[in-house]
Amino acid sequence: MFVAVLMMLLFAERASGSNTSVTLYKRINDFPEVPPARDCFPGSNLRGHGFKHFEWISNIHMAPTDRLARSGAPHYECNDSDQELTDESIQFLKEKDIDNIISVNFEANSPAIKDKLRANGIQYTPLPVKDMASPSLEQIMQAYLAFRSATRGATLVWCGFGHGRSGVIVTAFEMLRAAELQLHHYFNDVDYRKRHIESARQIRTLEKLQDFLIPSYVGLQAGKVKPHADDTQATVKELAAAEEKSSSQLRTVQTELQDVISSLHDLDAALDIQWHLDRVWLDKSLELLSKTQLTEPPSPQALMDSFNDVQDEIGTLIGEQASITDFSYYIPTAADSIKELMRKLKVAARLSLARSKSQKGVTPGQTDLTAQIYAIEDYRKKVHDMFDMLHSQVQKIRTAVEISLKESKGPLRIQALNSDLLKKKNTIDGYASKGMSADAITFYAALQQCEEIANDALETAWTMAKEINDDEELSIQDFSGARRILHEIRIKFAELMAFQAKKYTSNYIKLQWQKEPGSNIDAQQEAHDLQDMAAQIIKPATEIGAYLQDRITTANIISNIFAFAKKNTGSQMIEHDARVGVTTTGTLWLQNKETAKEALHHELDSLMEEISVMKGPTSVLITVASLALQDAQFAQAVFLNVDEAQMDVITWRKEAIREVIDAMDKQLQNEKEQKQELERKEQTEAEGQRLVGDRDKNWKIELAVEIGLAALAAVPKLTTPISEAILWARQAIRIVRFLRNEMRGTVQVAEDLTTEANQVSTQLTDTLKEWKLAAPAATREWAKSKTPAQVIQGLVELKNSGVKPTKPIDELIEELEAIDVPVTVPGNEEDDGHIEKLLEKLESIRVPIGIPKQTRLPELAHLRAPRDYQALRQALRWAASIPHHSSDVEFKKLIEEAAAYLPTDCDIKRTSKAFAIVGQIRRDAVAAA
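Going letter by letter, the sequence shown gives residues -17 to -1, 1 to 912 in mature numbering (1 follows the signal peptide of the UniProt record, and there is no 0).
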């Protein structure tokens, strides 16, 4: 019943502004969420006082004594941080008699602003709000209380530009003051535009405030919140008790719980606003009471008649610890009773004023108002106790709802996600069963559906893993069900791939057996048919084979990590390698709940079962595809001997010649590169012979010294990427080795050159020793069975994880140089490479496509014709005279070009892991470019 009464009160109270309200809600979308950026011209301009868009606020909705102004921040140009108070700014404030500042600039807490205002005796309230955002209701009330406390001078509100945020504050002040004065003005979109409100969210804040100033509206919201909370919490309990639940159901109830929490937060603010109004009106009542003191004031009982019943009922509810629903009716009722008290006192005050004027020359005695004041203050306390209890009830409900929300995000959420995963798995099983027992069209439709659902299931599993990983109250056991389901989905998909391979194989064999020997025309047709069949089987064989090979490669990487761990039981690198393995293989890892090694064990189990399911059928399919290609080629050869097909033979031969030419293109490109390399060597040797004739045999030592000095000008910093440091160290080691060999040789070297060479060699050696990086203690054993890319990434991960750098870079390279590069891919111990070999065989049967003639390969630095000796020395001296970054591309090209004149036996061993790593770094750089 009371809800209906509240609705009637709300309608009556808003009746005058209802049409405007409807219009507003229709037009609120006209305001953008984020207004377009304003034109601005950045640059410091501290001329004048700096207060743009300054204006006084009209008192039409405020008290006559209120003095309120708004403006942009002092000297604002483009950003909130532009604000700056100068002496002229302070002088302007004093001239306007402004002694109270409220800032909603995002940089409101600027110490410079605070100190300047404090030094000049100006009160300051900083309330940081982002540009284009809206102040919160709490900030609005804090600002308003600061405004009300400024009783001497004027108040100025600024933001940045001086529109949106400051517009919200001054409009809110007008709303609050109008409500205190009971002026009954309902602000609409026209009012908002006049006050330069900029965004829809700013309007939503003001609309909310305007609603919260209506007692009946607040009472209605208070009456609805607990039933809403109870219903939503009951839904959570029902879901918890249900055997089956979905994440979509849970998302729905979570959204409702969030809505309840948001409503409770708003209600808390609304209760504060209502208590503020009641308190102001009671203060006003005492002020009016004092004006009746010279004549006969209303009796205490007459005043109490305005609120006595309400006071008693509120007292009863407080004593019974009633619910917020029971109290909600008394929010507007208490406000109405205080308004009635004010009405009575206004009448009495007017009568008192009239009597005092009619009794001129008579000095009446003052009436004791103690009893009346006590009556009003007793009611104030009762109303205050009611709001205290309402706040307590709101907090109690909020705590309960937040617990329910937490439960819905914890075990209950995990149960729902597990249920989702199980449903997806069952759906995949259904599609797979249907597809494998039907025709090809049905199978491929089922395969596509299974793939989509499997990807969706993987997303669900990752979501679940993240939530479990981030929740301190959940453990890895909570993910065990999901991990098992995901494993089963992967195996089912592997079964589908294996079934597909079997189908292609069996269909090909059936077609072969169904053929009948034919005539000359039949032979021609058969050759064509075999080509078609081969083309049709090559594509799936390659795709399925590549899918399986990817799993084999990933399994080998993980097996390699475990093999190293088995050989080096006490090594600290095991868990580090496992973390790198997780990254490189894309393994699902709950890093707060399990070790990376444990995660890789789960991944390897799934991979090995996938490989086991797919390997046999896939091997057969790839073999059959190879045979199909050979059959097609054989049929073409037979067809060539048919006399009646001479013209077709000529046509076929033309095609064959074209394919041969295409196949030769790639070989031609390789030969071109080899020719360029040979030309480079010949030019280098010719330049060397010329220099021996023109100069002495020590010219290479002079060149090495120049290279060394240039290298010393580009020593990597500690922040330099490891790959760049390795490239630099390779050249430095090369120079040191060459100079040491030459100094030990029998060739006579000039004393000054010897001194200079020894100095450069010593400086480079010291620098190589001093430049340290984080690396495993047993680097050689650790890197032995890893690919170059794995070694590089492992070193990077060590650096990023904060491991102390202790290994000199030259020592690292020497250990890597001691490792001979294996012929097979590292980590292939678990697999004999059968699938990879079959795929290579299938690729080799096909005629390779050459590089199109219009394609221009990127020019490699080491293939360019080298500069002559003098040009190189001049370039090297210039490079040594200025500091370089080790990543400078032109600098690296210069060093490479100059070092080409030095003997290759001084370089890193070309068959070593270290040289393979250098090659990997170069390839990565080319790919990135």
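Virtual Cβ for every residue (Gly too), placed ideally from N, Cα, C.
The beta-bridge partner set that DSSP reports for N83 consists of Q106 and T138.
The DSSP assignment places no complete beta strand (DSSP E) segment of no fewer than 3 residues inside the region 223 to 301.
Distances from the CA of K790 to each of A423, K755, T762 and I775 were compared; the closest alpha carbon is that of K755. In this structure, I411 lies away from A428, with their beta-carbon atoms at least 8 Å apart. Bridge partners of R381 according to DSSP: none are assigned. Here R30 carries a coil assignment [DSSP, helix/strand/coil].
Nearest C-alpha to D63 among V112, L76 and A712: V112. Assigned with DSSP and collapsed to three states, L756 falls in strand. DSSP, reduced to helix, strand and coil, places K364 within a helical segment of the structure shown. CA-CA distance, G202 to N783, rounds to 57 Å. For the 8 Å CB-CB criterion, A524 and L430 do not form a contact. For R763, the enclosing alpha helix (DSSP H) stretches over residues T762 to K767. The C-beta of V330 has fewer than 16 other C-beta atoms within 10 Å across all chains shown, which makes the residue exposed.
Ranked by Cα distance from E303, the first of M372, E725 and E221 is M372.
An exposed status is given to V173, since fewer than 16 other beta-carbon atoms sit within 10 Å of its beta-carbon. Between L610 and I521, the gap from beta carbon to beta carbon reaches 8 Å or more. Of the residues Q574, L395, L747 and L405, the one whose Cα lies closest to the Cα of N452 is Q574. The closest CA to that of E60, considering only G143, T134 and A116, is found on G143. Pairwise C-beta distances place the region 45 to 57 out of contact with the region 97 to 115, as fewer than three of them are shorter than 8 Å. The secondary-structure analysis by DSSP pairs K790 across a beta bridge with L756. Looking from the CA of L110, the closest CA among S117, Q122 and A116 belongs to Q122.
The three-state secondary structure of E38, taken from DSSP, is strand. When C-alpha distances from I474 are compared across D249, L531 and I705, the shortest belongs to L531. Taking a C-beta distance under 8 Å as the contact criterion, V607 and A477 do not qualify as a contact pair.
In this structure, DSSP gives D351 a state outside helix and strand, which the three-state scheme calls coil. Taking each of E442, K209 and T443 in turn and checking the Cα distance to S245, the smallest one comes out for K209.
Ranked by how close their Cα comes to the Cα of V219, the residues A761, Q398 and K700 have Q398 in first place. For A52, the pairing in a beta bridge is given by DSSP as W39 and L139. Listed in chain order, the non-local C-beta contacts of L583 below 7 Å within the same chain comprise I541, I544, A561, G564, V565 and T570, local neighbours out to five positions each way being set aside. A residue is called buried once 16 or more other Cβ atoms fall within 10 Å of its Cβ, and S375, having fewer, is exposed. Look at S93 here: in three-state DSSP terms it is coil, with no helix or strand label.
Here S895 carries a strand assignment [DSSP, helix/strand/coil]. Sequence-distant Cβ neighbours of G777 in its own chain, meaning closer than 6 Å and more than five residues away, are V563. Pairing Q460 with I84, the inter-Cα distance amounts to about 57 Å. Assigned with DSSP and collapsed to three states, D453 falls in helix.
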